[in-house]
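Single-structure report; data block below.
Number of protein chains: 2
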Amino acid sequence: MDLSDRKRKILQAVIDEYIGTAEPVGSRAISKRDNLNLSSATIRNEMADLEDMGYLIQPHTSAGRIPSDEGYRFYVNSLMERYQVGMEAIIELQKAFQMRITRLDQIIKYAGSIASSLTDYATIITAPQRGESMLRKVDLVPISNEKTTVVVVTETVRSHVINMALSDDECNILATALNKYLKGLTSKDVTIDKMREVSDRIKERTKLDEEVLARVLKFVFETITDDDTEIYVSNMQSILKYPEYRDVNKAGKMFSFLENKDNLRRLIMSDNGEGIHAKIGSENEDEILKDCSLVTVDYSLGDNRGGKISVIGPKRMNYSKVFASLDTISGEIDKILRYYTNNG
Amino acid sequence: MDLSDRKRKILQAVIDEYIGTAEPVGSRAISKRDNLNLSSATIRNEMADLEDMGYLIQPHTSAGRIPSDEGYRFYVNSLMERYQVGMEAIIELQKAFQMRITRLDQIIKYAGSIASSLTDYATIITAPQRGESMLRKVDLVPISNEKTTVVVVTETVRSHVINMALSDDECNILATALNKYLKGLTSKDVTIDKMREVSDRIKERTKLDEEVLARVLKFVFETITDDDTEIYVSNMQSILKYPEYRDVNKAGKMFSFLENKDNLRRLIMSDNGEGIHAKIGSENEDEILKDCSLVTVDYSLGDNRGGKISVIGPKRMNYSKVFASLDTISGEIDKILRYYTNNG
DNA sequence: TGTTAGCACTCAACACCCTTGAGTGCTAAC
DNA sequence: GTTAGCACTCAAGGGTGTTGAGTGCTAACA
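In the order they appear, the protein sequences are chains A and B.
So in our numbering, spot 341 of the first sequence is number 711, and the numbers just go up one at a time.
So in our numbering, spot 279 of the second sequence is number 649, and the numbers just go up one at a time.
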């Protein structure tokens, strides 16, 4: 369905206005804007048409009008003017990233907090997911005369403290045996049979206490197969700033939803859009999000790993600014993480 | 100042009532409770006395009375009846802990979420702080033909990916050199001179690229000296359940405060009470906490490490239940972590 | 002397009503 | 096709009166 140029302008004006005020927009408010020289009566007629077409909604007679989900969708697809993130902000961002370059998870968390401070909405961010996980090395380090740390290196590094009175030599022997049989193992290779076979071979080779060996192996196999991704939320409390969540009950439900990582994981995983994209209101599956929009972007590290950043806010969010901010941030993350994983 | 037995009972009744209802408590409500057989007029006289003594406050004439900070303090010190955590809850808790025994930080996070679900208040929890950090081992693991992971084992394990095209052999040589000069190093030993000395020695011994060596050493030294403790908050949104935070602005400020880890760290670090203890209302330094109480308990691992759990809620919190819950949880953490670090 | 009953007074909360103003739809004039 | 005018609607805001919980004080009672 095609809209006349005038209708497009009016729809855009209504949505821009509503994004700013969160109040139903009346015809007079639009006619007073300087870019359209039309009387309020004319605007009224056009707005009535837009309502018939499904782009606007009148909450009750004699109130102004607010955008429908379809209205927002049309706005995001066709009307929205691209916002430009200021150069100062970008430089600020680059500096901030560079200062935090020590730990990957910190960069990710920090990116989330930047996204939320640029947009002033809550942000959900996932740490880079591993692609296939391959075992590089197992190491055993005596910590005291009672304890030993097991270190497993795949794409990431995990460790576990167990109770064993092992000498340096014993650690070396066991580590050597473990590496001999396990190096190069991927999550696909881990089966019950494989676990039993490795266990038997090492047992006959090292003559170590059976239970200790079982515990070490359990941890190693768990580490290879486990791939839960970390997920962070920042700036949750921004929700309270928006009149949509003036009602404390509603806000509370939203908080509970966002505090539950399973919900977030499902939310972000089920997202299969590409590039920057928005899910507006009822386009979200969760009932609780029907008044919200979720704008999501992927970032990638080039090497088969990547994650997502989502900004979540009221449907009446500043899409233009959110799109621009996420675009910039994901670009900078790409840069910094490529640098980090290649030269860091 | 000594209170008559009757005054104590009345004060206790007022506070118990107020904790439940959050409404100013009138004399009639107290006289109707079955444990005291006194008319409302008598109660009125006693309550007027308690107000003169500073234990109660009347928000305005002809309203009921609410406890003052001193009233709560007296209640916590002398009146409160000890709540008993149900055996089923304890067993539930033990089971839950046992299922999560794989990772220390997960246990800690989980303990926080249990504390908040038992008490229904927000919980702040710090991961075990390290005592003195001593370097046990450094390891280098090639990840691809461009990247190598550096693994540093102290009491904990940290890793870092850097860009180096090193073979297994080269990794071994460098690792051996690093271990030779660095093993046993504690945070006290790290000085600029020491760093330079180690760097020079390894340089002449291995003839490795200077920049690469510098990067590895920087990471190793950082890991030894760095001791920022992780800190988690759970169940923040419970704040919205309490009428004290019906006002969205107030709730928003509280959220911002609790989302800032620096605030939390300062809050928990500045706490120097022993055992389970409460900071009530104005006993807290932060202005924003003057309407809150903070109940804190330490847990320890026996081996010089430990952390804290704090429950934060309205002054009108169920102190009895919070004290009992924290007591139970810290006891269970002690047990499970001792088990974990000794036998895990 | 301590306790109780009764009474007048205070004050926040609530319902109710009226007014106001923003906004609409419709119609007639331009 | 656009504008001006008019009657209508409805939410929000500002009094006003009522209600009910609670108090302090006083007098009577055990």
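Glycine residues also receive a C-beta, built at the ideal position from the N, C-alpha and C atoms.
- Look at the stretch 611 to 643 of chain A: the residues with a C-beta under 7 Å from a C-beta of chain B are Lys611, Arg616, Val618, Ala621, Gly622, Phe625, Ser626, Glu629.
- DSSP, read as helix, strand or coil, puts A:Ser652 in helix.
- Within the stretch 506 to 517 of chain B, the residues whose Cβ lies closer than 9 Å to some Cβ of chain A are Arg506, Lys507, Asp509, Val511, Pro512, Ile513, Ser514, Glu516, Lys517, listed in chain order.
- Residue state for B:Val455 is assigned as coil, using DSSP reduced to three classes.
- At a C-beta separation below 9 Å, A:Met606 has these neighbours in chain B: Met606, Gln607, Phe625, Glu629.
- For A:Ser374, the nearest beta carbon of chain B is not closer than 7 Å to its own beta carbon.
- Taking the C-beta atoms as reference points, B:Thr493 is found no nearer than 7 Å to B:Asn405.
- Setting aside the 5 residues that flank it on each side, A:Gln464 is surrounded in the same chain by Glu702, each with a C-beta closer than 7 Å to its C-beta; the list follows chain order.
- Between A:Val521 and B:Val395, the CB-CB gap reaches or exceeds 7 Å.
- At a cut-off of 7 Å between C-beta atoms, B:Val521 counts as an interface residue with respect to chain A.
- Taking 8 Å as the Cβ-Cβ cut-off, the stretch 552 to 577 of chain B has no residue approaching chain A.
- If you look at B:Ala545, you'll find it in the alpha helix (DSSP H) that goes 538 to 552.
- In chain order, Ile513, Thr519, Val531 make up the part of chain A whose C-beta sits under 9 Å from the C-beta of B:Glu525.
- Between the alpha carbons of B:Lys379 and B:Thr599 lies a gap of roughly 44 Å.
- Ranked by Cα distance from B:Lys623, the options B:Glu614, B:Lys685, B:Ile658, B:Leu583 are led by B:Ile658.
- Under the three-state reduction of DSSP, A:Met624 is assigned to helix.
- When DSSP states are grouped into helix, strand and coil, B:Pro613 belongs to the helix group.
- A distance of 7 Å or more separates the beta carbons of A:Ala418 and A:Arg403.
- A direct Cα-Cα distance of roughly 8 Å separates A:Tyr689 from A:Met450.
- Per DSSP, reduced to three states, the secondary structure at B:Gly701 is helical.
- Take the alpha-carbon of A:Glu580 and the one of A:Leu587: they are about 11 Å apart.
- Inter-segment contact for the stretch 638 to 652 of chain A and the stretch 430 to 449 of chain A is present: three or more beta-carbon pairs are separated by less than 8 Å.
- Going by DSSP, B:Gly683 is part of no alpha helix (DSSP H) but of the beta strand (DSSP E) stretching over 676 to 684.
- DSSP places A:Leu510 in the uninterrupted beta strand (DSSP E) bounded by 507 to 512.
- Between A:Ile460 and A:Ile478, the beta carbon gap of about 19 Å keeps them out of contact (Cβ cut-off 8 Å).
- When rounded, the separation of the alpha-carbon atoms in A:Ile484 and A:Pro498 is 17 Å.
- Following the DSSP letters along the chain, one finds A:Lys631 inside the alpha helix (DSSP H) bounded by residues 631 to 639.
- Taking the Cα of A:Ala545 as reference, the smallest distance to any Cα among A:Ala466, A:Thr519, A:Glu567, A:Val560 is reached at A:Thr519.
- Inter-residue distance for A:Val523 and A:Val511 is about 14 Å (C-alpha atoms, whole angstroms).
- Secondary structure note for A:Ser397: its alpha helix (DSSP H) is the uninterrupted segment 397 to 402.
- Excluding its 5 nearest sequence neighbours in each direction, A:Arg376 has C-beta neighbours in its own chain below 7 Å: Glu416, listed in chain order.
- A:Leu664: member of the beta strand (DSSP E) spanning 662 to 670, first to last residue.
- The Cβ atoms of B:Leu505 and B:Ile385 lie no closer than 7 Å to each other.
- In this structure, the beta-carbon distance from A:Arg636 to A:Ile601 does not fall below 7 Å.
- Beyond the five residues adjoining it in sequence on each side, A:Met565 comes within less than 7 Å, by CB distance, of Leu587, Phe591 in the same chain, given in chain order.
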